[in-house]
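Student: If you read the sequence shown in this note's numbering, its first letter stands for residue 5, the second for the next number, and so on.
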Amino acid sequence: MCRLFGMSSAPHRVHAVFWLLEAPDSLRVQSRRDPDGTGLGFFDADGRPQVHKAPIAAYRDRAFAQEARHVESATFVAHVRYASTGGLEDRNTHPFTQHGRLFAHNGVIEGLDRLDARLGDALHTLVHGDTDSERFFALISREAEANGGDVGAAITTAATWIADNLPVFALNLVLITPGELWALRYPETHELYVLERPPGGQHGARHLEQHGRRGRLRVRSEDMDTLPAVVVASERLDDNPRWRPLAPGELLHAGPGQEVTSRIALARPPAHPLTLADLRPEAAASQKAA
């Protein structure tokens with residue numbers, strides 16, 4: 005399944021190194037399905053969104069994905085994609101940018117014709133690719149514009165409408181601005197974890213060094229030996245005992261300072277839940293553990 009990662013050290017900007025895809029080190033790893041895209045999003049010193057992403061459709065794309073990314077920001081979002089909707093193109097690769105925000109999603113939404121109708125003009129102004137994910141983001145952006153910029157409320161409104169009206173497998177997401185991070189797990193289909201990491205980690209005076217299973221994402225930050233961070237990921241990335249799973253329907257918010265809040269934003273299950281058996285073969289394959 006797609007891998008989500010988000011991190012906030014706000015209000016402090018930190019230097020971090022990301023490896024979105026490491027070289028396979030065994031035939032067992034090579035035999036598994038390769039990702040269909042990788043992407044990293046962050047903000048420059050002026051608050052402008054920056055994205056390094058590429059679909060993996062050829063060897064040169066894999067080589068690009070394996071390069072170390074040295075970046076500096078107060079918030080970060082990374083994504084390893086297994087395609088469920090949309091071809092292997094840059095426009096379909098996460099994270100997506102809208103209104104100065106960055107977004108990545110793990111899950112499947114069907115009934116996109118109804119979602120397109122709900123988006124109205126926002127479909128043409130905000131959506132440039134073919135994915136359900138970018139459309140979900142556009143609905144959040146439209147709701148935020150309508151409510152005066154309350155991103156948390158916009159996520160709740162958009163996700164609730166989708167859950168009530170469209171077939172849903174999962175809506176897990178990470179959304180960032182230059183100083184804030186939001187993460188949603190919904191419903192219980194896929195896990196999503198959060199770590200509120202104190203300065204120096206569990207042992208004190210240690211830099212941050214985290215990695216996913218099977219070479220699917222690795223991040224290192226020397227600055228985290230003295231600064232706190234909030235990390236959200238599809239899996240536990242180290243042995244810190246402070247990792248906890250978000251509850252189904254839980255919306256977490258970190259920032260703009262070091263405060264972290266969360267609430268159950270979606271208490272009801274989807275009106276039209278999807279199972280793996282309901283999905284098209286390519287969509288089902290994208291949602292299985294890889």
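For each residue, glycine too, the CB sits at the ideal point set by N, CA and C.
Predicted model, so just to flag it, every value in this text is computed and none were measured.
1. Taking residue 77 as the reference, which of 7, 119, 142 and 183 has the closest Cα?
2. Can you name, in chain order, every residue of its own chain whose Cβ lies under 7 Å from the Cβ of residue 69, other than the five neighbours on each side?
3. So if DSSP puts residue 202 in a beta bridge, which residue, or which two residues, is it bridged to?
4. Determine, using beta carbons only, whether residue 177 and residue 188 come nearer to each other than 9 Å.
5. Taking the alpha-carbon positions, what's the residue 234 to residue 133 distance?
6. Just to confirm, is the Cβ distance from residue 122 to residue 165 under 9 Å?
7. From the DSSP output, in three-state form, read off residue 213 for me.
8. Helix, strand or coil: how does DSSP classify residue 224 here?
9. Please go through the same chain and pick out, in chain order, the residues whose beta-carbon is closer than 6 Å to the beta-carbon of residue 224, but skip the five residues on each side of it.
10. Which one of 142, 241, 147 and 138 has the shortest CA to CA distance from residue 94?
11. Can you give me the C-alpha to C-alpha distance between residue 167 and residue 273, rounded to a whole angstrom?
12. Measuring CA to CA, which of 242, 232, 106 and 118 is closest to residue 141?
13. Nearest to residue 100 by CA position, among 73, 145 and 72, is which residue?
14. Tell me the DSSP secondary structure of residue 139 in three-state form.
15. Would you call residue 150 buried or exposed, if buried means 16 or more other Cβ atoms sit within 10 Å of its Cβ?
16. Between which two residues does the beta strand (DSSP E) harbouring residue 10 extend?
17. For residue 76, does the three-state DSSP call read helix, strand or coil?
18. Suppose the cutoff is 6 Å on Cβ atoms and the five residues either side in sequence are ignored; what does the same chain contact list for residue 147 look like?
19. Less than 7 Å between C-beta atoms, sequence neighbours within five positions excluded: which residues of the same chain meet that for residue 259?
20. Which residues mark the beginning and the end of the alpha helix (DSSP H) in which residue 180 is found?
21. For residue 79, which of 72, 53 and 242 has the nearest alpha-carbon?
22. When the Cα atoms are used, what is the spatial distance from residue 82 to residue 49?
23. Hey, out of 192, 196, 210 and 265, whose CA is closest to residue 172's CA?
Tutor: In short:
1. Here residue 77 refers to the residue found at position 73 of the sequence shown. For the residues 7, 119, 142 and 183, the minimum Cα distance to residue 77 belongs to 183.
2. Within the sequence shown, the letter at position 65 stands for residue 69. Cβ within range, chain order: 24, 25, 42, 58 and 60.
3. On the sequence shown, residue 202 is found 198 positions in, with the first residue counted as 1. Looking at the DSSP assignment, residue 202 forms no beta bridge with any residue, so it has no partner.
4. In the sequence shown, counting from the first residue as 1, residue 177 sits at position 173. In the sequence shown, counting from the first residue as 1, residue 188 sits at position 184. Their beta carbons are under 9 Å apart, which means residue 177 touches residue 188 by this criterion.
5. The residue labelled residue 234 in the question sits at position 230 within the sequence shown. The residue labelled residue 133 in the question sits at position 129 within the sequence shown. Their backbone Cα atoms lie some 30 Å apart in a straight line.
6. If you number the sequence shown from 1, residue 122 lands on position 118. If you number the sequence shown from 1, residue 165 lands on position 161. In this structure, residue 122 lies near residue 165, with their beta-carbon atoms less than 9 Å apart.
7. Reading the sequence shown from its first residue, position 209 is the one you call residue 213. Reduced to three states, the DSSP call for residue 213 is strand.
8. Counting from one through the sequence shown, the residue named residue 224 turns up at place 220. The answer is strand: DSSP assigns residue 224 an E or B state.
9. Reading the sequence shown from its first residue, position 220 is the one you call residue 224. 21 and 213, listed in sequence order.
10. Your numbering for residue 94 matches position 90 in the sequence shown. For residue 94, the nearest C-alpha among the options comes from 138.
11. In the sequence shown, residue 167 corresponds to position 163, counting from 1. In the sequence shown, residue 273 corresponds to position 269, counting from 1. If I take the Cα positions, the gap works out to 7 Å.
12. Against the sequence shown, residue 141 aligns to sequence position 137. Ranking 242, 232, 106 and 118 by Cα distance to residue 141 puts 106 first.
13. By 1-based counting over the sequence shown, the position of residue 100 is 96. Looking at the Cα atoms, 145 is the closest of the given residues.
14. Reading the sequence shown from its first residue, position 135 is the one you call residue 139. Looking at residue 139 - three-state DSSP - the assignment turns out to be helix.
15. Residue mapping note: residue 150 aligns to position 146 of the sequence shown, counting from 1. Looking at its Cβ environment, which holds fewer than 16 other Cβ atoms inside 10 Å, residue 150 is exposed.
16. Against the sequence shown, residue 10 aligns to sequence position 6. Note, residue 10: beta strand (DSSP E), 7-12.
17. Within the sequence shown, the letter at position 72 stands for residue 76. DSSP places residue 76 in strand when its eight states are reduced to three.
18. Here residue 147 refers to the residue found at position 143 of the sequence shown. Excluding positions up to five away in sequence, the list reads 158, 161 and 162.
19. The sequence position of residue 259 within the sequence shown is 255, counting from 1. Excluding sequence neighbours, residue 259 sits near 12, 14, 183, 184 and 185.
20. Residue mapping note: residue 180 aligns to position 176 of the sequence shown, counting from 1. Where residue 180 is concerned, there is no enclosing alpha helix (DSSP H), although the beta strand (DSSP E) it sits in stretches over 176-180.
21. By one-based count along the sequence shown, residue 79 stands at place 75. It is 53 whose Cα lies nearest to the Cα of residue 79.
22. By one-based count along the sequence shown, residue 82 stands at place 78. By one-based count along the sequence shown, residue 49 stands at place 45. Roughly 19 Å between the two C-alpha positions.
23. Within the sequence shown, the letter at position 168 stands for residue 172. Scanning 192, 196, 210 and 265 for the CA closest to the CA of residue 172 turns up 192.
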